[in-house]
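See below for the structure under consideration.
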Amino acid sequence: MDMQLDLRVKRPALQIDLSILPNIRSLHHACARAAEMSGSYDKVVAIDTGVDAPTWARIKQGDAGIKGDFLDRLMDATGTDLPLLWLAYSRGYDPTSLRKRESELEGRLRQEREKREAAEAELATIKSFLRDTRAA
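Just so we're aligned, residue 1401 is where the sequence shown starts under our numbering, counting upward by one.
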């Protein structure tokens, strides 16, 4: 039984200029560009994605296969979904129409925020009414 903790590195999301997608030749190239955009050293990317440095070098050159788990870790470690966007683009999808789904926690947070904003708006209306009736 593997009892290893998954200590995944998650960098802040980077903005991606989608105009670069046509210039990316392959998934390996997209991975290399993602690492380049993050500004991380190759050794850091290798460690953060759970591969050794020679394997990362082979991936960048297109000489090693890319597994889904690696791709997921790479996008977290570099803060960019460039490989995912390139895959969508290369398969004929419009990458500008992709959006992240809302998690259960994010959904509950949004609903609570909407309730709070509605209550604040109602309170502001009541305060305004009271001010106006006192002034009259």
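For every residue, glycine included, the Cβ atom is placed at its ideal position computed from N, Cα and C.
- Grouping DSSP H, G and I as helix and E and B as strand, with all else coil, what is Tyr1493? coil
- Are the segment 1412 to 1427 and the segment 1484 to 1503 touching by the rule of at least three beta carbon pairs closer than 8 Å? yes
- Query: What is the DSSP secondary structure of Thr1480, reduced to helix, strand or coil?
  - Reply: coil
- Task: Consult DSSP for Ile1447 and reduce its assignment to one of helix, strand or coil.
- Result: helix
- Item | 8 Å CB neighbourhood of Ser1438 in its chain, flanking five on each side removed | Arg1411, Leu1414, Val1445, Ala1477, Thr1478, Gly1479 and Thr1480
- Message: Taking the straight line between their C-alpha atoms, what separation do you get for Asp1532 and Thr1525?
- Response: 10 Å
- Item | Of the residues Lys1515, Arg1408 and Ser1426, the one placed nearest Gly1450, counting alpha carbons only | Arg1408
- Item | C-beta atoms of Lys1460 and His1428 nearer than 8 Å | yes
- Message: What would DSSP say about Leu1498, mapped onto helix, strand or coil?
- Response: coil
- Item | Contained alpha helix (DSSP H) runs [length at least 4] in the segment 1450 to 1479, N- to C-terminal order | 1453 to 1461 and 1468 to 1478
- Do Ala1434 and Pro1483 come within 8 Å of each other at the CB atom, strictly closer than that value? yes
- Query: When the distance is taken between beta carbons, is Trp1486 closer than 8 Å to Ala1430?
  - Reply: yes
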